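Residue numbers (the working numbering): 18 to 744. Notes to accompany the following structure.
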């Protein structure tokens, strides 16, 4: 055997051993220090699993030298032993970072993007933060509330600024068209929006202050971005106000008595004039007095009169605000003043005058009419609460004797059948009108619901049954109902229906050897106006069909494919290395024959073997990883498919960052670094989609659908092709 042949034999032997090691079949045993089926065992035999695990915070965690600080922690699976303090810090940092990114996007006019930073995922992380904070702190939940309120106010701010800009464009267009009345109407809308924006800006920054004090997070840049946005809006609005309106002043010049009530109203005289002292004369005007709109008019000298009967303002001494509200097309700007009064309470009378129908069932609409009076004056436009039995039907406005609900006043299932009290109340406390309640009776009849159930053996765990079903009345689902699940007549657990009336749960397959299992759903109807119901189904059982073991067997298609892929990969690597070794052994003066180089006078280009080897090493795992991802998708493991697809993308793109720290970046750090290093929006958009998908697959308890996973893998494939071609 020649020396070269001997070296080749050694390489072949190494290839065989390494390929067997990849499938964990060397000697047919697992090393004594590695537990079969554990993450370490799987990673030891699967290079793709090693790459995926290095990126997955649920498997591999980067710690400091003392193994104290967890860099990545799955918020959905944390326990008291996982480092609650570190997880608390991670979550608070993530939430604060999202608020800051959103604030910057608002200041740059990117309102949809701003809201994406603080959307549903923010709420999920906030829920996790609340759970963890409850374990790590004895303090109150001020910071949790601050995060929640900052999110809501910041979303409202983003929407308001976006609406301001759209309205401002309409305003400019109206001015260009010479439509002065429309321009003033729009200017008035802008005035309201600017006031709302200023209030929201102050509120958001106040929440930032609470967060900074509680968590130590620096939100200076976020606060500056919010304030910059507000100042820009206020500056624009000041110019619009000066261009469109005459400033006014309103004064109350006389009152008959400062002691007032609903029965003895406030009678007052006032005047309105411009900043130049000119009266707002001969104008129909609208006043807002104590949250009531009063219409009157000014005379030639700008004077007006009005009567005001207090209803909902606090009883006792108070400063009553009186505001002048010009109509939309008026050239005048509104103004306000106040007058001191002493409000005395009055006890009104409340009567239910009609109920239709008097006999109701589940989901029936209930019509109610009532009358509220004080003295001989009827009172309208007040909120009244309506209750049937112990269940609130909602708040209704009294309009000309009829109760108008904000939505349908339907009978809920939680009202027991039989005769029930219908109660109407004026829910005031220490107001100009005292609280008052009245009631009558209504008959609630029982309704038969329809209950369905289905059960199938789990495709991923043969020891589990997936049980689903619903409860409906006339085709509409009934929410919040307790359904008991029994197997073979033995109750196992209860589940509550969702908004559509649907329910789902997972139960264990009975241990006895049987080919089918009887599953029963039972609804008792206790405490409701729905009758009891029962539904039964039979689930077929295939014994010993646990699909989760197949992929771990040495002979499975996945491990066999990886065995082959690993062998090809190693052969290719050894082949290139052998060529390099062989060339380096040849004497420098010995010519190398090139049978294909037949063109006289042409010297074949010399390829850089080192650069080829480096490029191949960097991209060698991309295709196996992506193939592994598609295999997982075919098997129904959508989370694993997306995680592995993301690992393929990282393998493909990390070399383009030209950074020694690229492999240690978190998924969002990697995205931001890549975004800063590329000028191709389609590529960064795809990477953002894959990154968001990876985060959802790794952390979101609701999982990821097959359709979502397919879309994410399509983007991952494009990115892998981009990375390989660049390499």
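From the three backbone atoms N, C-alpha and C, an ideal C-beta is built for every residue, glycine too. Computed from a prediction, not measured in an experiment: that's the story for all the values here.
- Per the coordinates, the alpha-carbon of residue 322 lies some 30 Å from the alpha-carbon of residue 203.
- Separation of residue 451 and residue 328 (C-alpha to C-alpha, rounded to the nearest whole angstrom) is 9 Å.
- Remark: C-beta atoms of residue 535 and residue 514 do not approach each other more closely than 8 Å.
- In this structure, residue 251 sits away from residue 220, with a CB-CB distance that is not shorter than 8 Å.
- The alpha-carbon of residue 175 is positioned some 32 Å away from that of residue 730.
- A direct Cα-Cα distance of roughly 12 Å separates residue 122 from residue 178.
- No residue range can be given for residue 135, since it is assigned to no alpha helix (DSSP H) and is classified by DSSP as neither H nor E.
- Each residue's CA atom was taken as its position, placing residue 690 and residue 682 some 9 Å apart.
- According to DSSP, residue 721 shares a beta bridge with no other residue.
- Spanning the alpha carbons of residue 131 and residue 728 requires a straight line of approximately 24 Å.
- Residue environment: residue 247 is assigned as buried (16 or more neighbouring CB atoms within 10 Å of its CB, all protein chains considered).
- Within the same chain, 474, 526, 531, 532, 533 and 534 come within 7 Å of residue 558 by CB-CB distance, once the 5 residues on both sides are set aside.
- The Cβ atoms of residue 332 and residue 447 sit closer than 8 Å to each other.
- One alpha carbon belongs to residue 169, the other to residue 225, and they sit about 13 Å apart.
- Setting aside the 5 residues that flank it on each side, residue 467 is surrounded in the same chain by 488, 489, 490 and 550, each with a C-beta closer than 8 Å to its C-beta; the list follows chain order.
- Comparing alpha carbon positions, the residue from 232, 291, 223 and 269 closest to residue 108 is 232.
- Counting other Cβ atoms within 10 Å of its Cβ, residue 382 stays below 16 and is therefore classed as exposed.
- Contact between residue 207 and residue 173 fails: their C-beta atoms lie close to 17 Å from each other, not under 8 Å.
- Annotated three-state conformation of residue 308 is coil, per DSSP.
- Between residue 313 and the set 343, 334 and 545, the nearest pair of CA atoms involves 343.
- Exclusion of the five residues before and after residue 198 leaves 346 as the residues of its chain whose Cβ lies within less than 7 Å of its Cβ.
- Around the beta carbon of residue 546, a 10 Å sphere encloses 16 or more other beta carbons of the protein chains shown; the residue is thus reported as buried.
- Each residue's CA atom was taken as its position, placing residue 119 and residue 440 some 47 Å apart.
- Only residues of its own chain outside the window of five on either side were considered, and among them 471 and 521 have a CB closer than 6 Å to the CB of residue 485, listed in chain order.
- Around residue 298, the same chain offers 315, 316, 317, 318 and 319 as residues with beta carbons nearer than 8 Å, after the five sequence neighbours per side are excluded.
- Membership of residue 488 in the beta strand (DSSP E) is indicated by the continuous run 481 to 490.
- Under the three-state reduction of DSSP, residue 414 is assigned to strand.
- In the structure shown, residue 261 adopts helical secondary structure according to DSSP, grouped into three states.
- Put simply, the region 499 to 506 touches the region 535 to 544. At least three CB pairs are less than 8 Å apart.
- Here residue 266 really is in contact with residue 290; their C-beta atoms are around 6 Å apart, less than 8 Å.
- The beta carbons of residue 236 and residue 117 sit about 6 Å from each other, so the pair counts as a contact at 8 Å.
- In this structure residue 498 is buried. Its beta-carbon is surrounded by 16 or more other beta-carbon atoms within 10 angstroms.
- In the three-state DSSP reduction, residue 127 falls in the coil class, being neither helix nor strand.
- Contact annotation, residue 367 with residue 310: C-beta distance approximately 24 Å; criterion of less than 8 Å not satisfied.
- Check the Cα spacing between residue 732 and each of 523, 711, 706 and 714: the tightest is with 706.
- Sequence-distant Cβ neighbours of residue 326 in its own chain, meaning closer than 6 Å and more than five residues away, are 279 and 282.
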